[in-house]
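*Asks:* Residue numbering for the sequence shown follows our numbering, starting at 349 and increasing by one per position. My questions will all concern the structure given below.
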Amino acid sequence: MIGVLLISYGSREACIADTLARSQERVRLFIADKQRNPFNLRLAERTGGEHVVIPDLNLEDIAKFAKKHENSIDFGVLGPEGPGMKGLRDRIESETKVKMICPTFSFFIERSKVEQRKVIAKACPRANPEFRVFFPADYSSVEEVKRDVYDWLDEIGDEVAVKPDAPATGKGVGVWGDHFSSREEMFERFFIPNFEKGPVIVERKLEGEEFS
Numbered sequence: 349m350i351g352v353l354l355i356s357y358g359s360r361e362a363c364i365a366d367t368l369a370r371s372q373e374r375v376r377l378f379i380a381d382k383q384r385n386p387f388n389l390r391l392a393e394r395t396g397g398e399h400v401v402i403p404d405l406n407l408e409d410i411a412k413f414a415k416k417h418e419n420s421i422d423f424g425v426l427g428p429e430g431p432g433m434k435g436l437r438d439r440i441e442s443e444t445k446v447k448m449i450c451p452t453f454s455f456f457i458e459r460s461k462v463e464q465r466k467v468i469a470k471a472c473p474r475a476n477p478e479f480r481v482f483f484p485a486d487y488s489s490v491e492e493v494k495r496d497v498y499d500w501l502d503e504i505g506d507e508v509a510v511k512p513d514a515p516a517t518g519k520g521v522g523v524w525g526d527h528f529s530s531r532e533e534m535f536e537r538f539f540i541p542n543f544e545k546g547p548v549i550v551e552r553k554l555e556g557e558e559f560s
């Protein structure tokens, strides 16, 4: 019997749970879920595990759940990125015997697109597009940052992608041609809303299929 801790947010984790339950191994599912997913609940009960609802998926309650069943859990699987970016693996592995399949806090590079660009610059510089990072702390007015952004566009062209440093669940990135068709539209609709929350990357648009 193999015990698996699954941190669940939505349909992706339901697929993971289903696949684990259909494994040739006998699996017990211990699911910490954002909501009372009836599919996950049935699988946890059917496999002899437990399903618990943690609406905000906070680390403390997840760690308590893992601790409660640590003698029955062989490893843990993280679905949603949120808890991982807050240090879920570090917390669980320091407080329980459960080993997690996900990055530690230090290596969860999805926390920062700026850090991702730095990693690529060291590992494979040619893979990086031309980019520049604009930090709110460096500017005292919108006019000041607008001047620098437009100077950067004069250098690389208007066909760019605009990205917030922090994750925005797919709603922060703007791409020339898909979301805007002028530098003015880019600045007002994508740059400024993201800049109000933190650093923003403006980089040359790459042609090709998106994948992750």
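Backbone N, C-alpha and C fix where the C-beta goes; we use that ideal spot for every residue, glycine too. Every value quoted in this text rests on a predicted model; they were computed, and no experiment measured them.
For the candidate residues I549, P386 and E544, whose alpha-carbon lies nearest to that of P484?
*Replies:* Within the sequence shown, the letter at position 136 stands for residue 484. When only C-alpha atoms are compared, the closest one is E544.
*Asks:* Got a sec? Which residues, its chain only, sit under 6 Å from D438 by beta carbon, not counting five neighbours each side?
*Replies:* As a first step, residue 438 is located in the sequence shown; it is residue number 90 there, counting from the start. Once the five neighbours on either side are set aside, the close Cβ partners of D438 are T452 and F453.
*Asks:* Report the rounded CA-to-CA distance for H527 versus K519, giving the unit in angstroms.
*Replies:* As a first step, residue 527 must be located in the sequence shown, where it is residue number 179. As a first step, residue 519 must be located in the sequence shown, where it is residue number 171. So the two alpha carbons sit approximately 11 Å from each other.
*Asks:* Counting only runs of 3+ residues fully inside the segment 495 to 560, write out the beta strand (DSSP E) ranges in chain order.
*Replies:* Counting whole runs of 3 or more residues, the segment 495 to 560 contains the beta strand (DSSP E) stretches 508 to 512 and 548 to 552.
*Asks:* What residue does the alpha helix (DSSP H) around E443 start on, and which one ends it?
*Replies:* For the purposes of this step, residue 443 is taken as the residue at position 95 of the sequence shown. Element bounds for E443: L436 to E443.
*Asks:* In the DSSP assignment, what residue or residues form a beta bridge with S356?
*Replies:* As a first step, residue 356 is located in the sequence shown; it is residue number 8 there, counting from the start. S356 is bridged to D381.
*Asks:* Buried or exposed for V497, please, with buried defined as at least 16 other CB atoms from any protein chain shown within 10 angstroms of its CB.
*Replies:* Within the sequence shown, numbered from 1, the residue matching residue 497 stands at position 149. V497 is buried by the Cβ-count criterion.
*Asks:* Mapping DSSP to helix, strand and coil, what is I421?
*Replies:* Along the sequence shown, read from residue 1 onward, the residue named residue 421 stands at position 73. Residue state, collapsed to three classes: coil.
*Asks:* In the DSSP assignment, find the alpha helix (DSSP H) that holds R390 and state where it starts and stops.
*Replies:* The sequence position of residue 390 within the sequence shown is 42, counting from 1. Run containing R390: P386 to R394, per the alpha helix (DSSP H) assignment.
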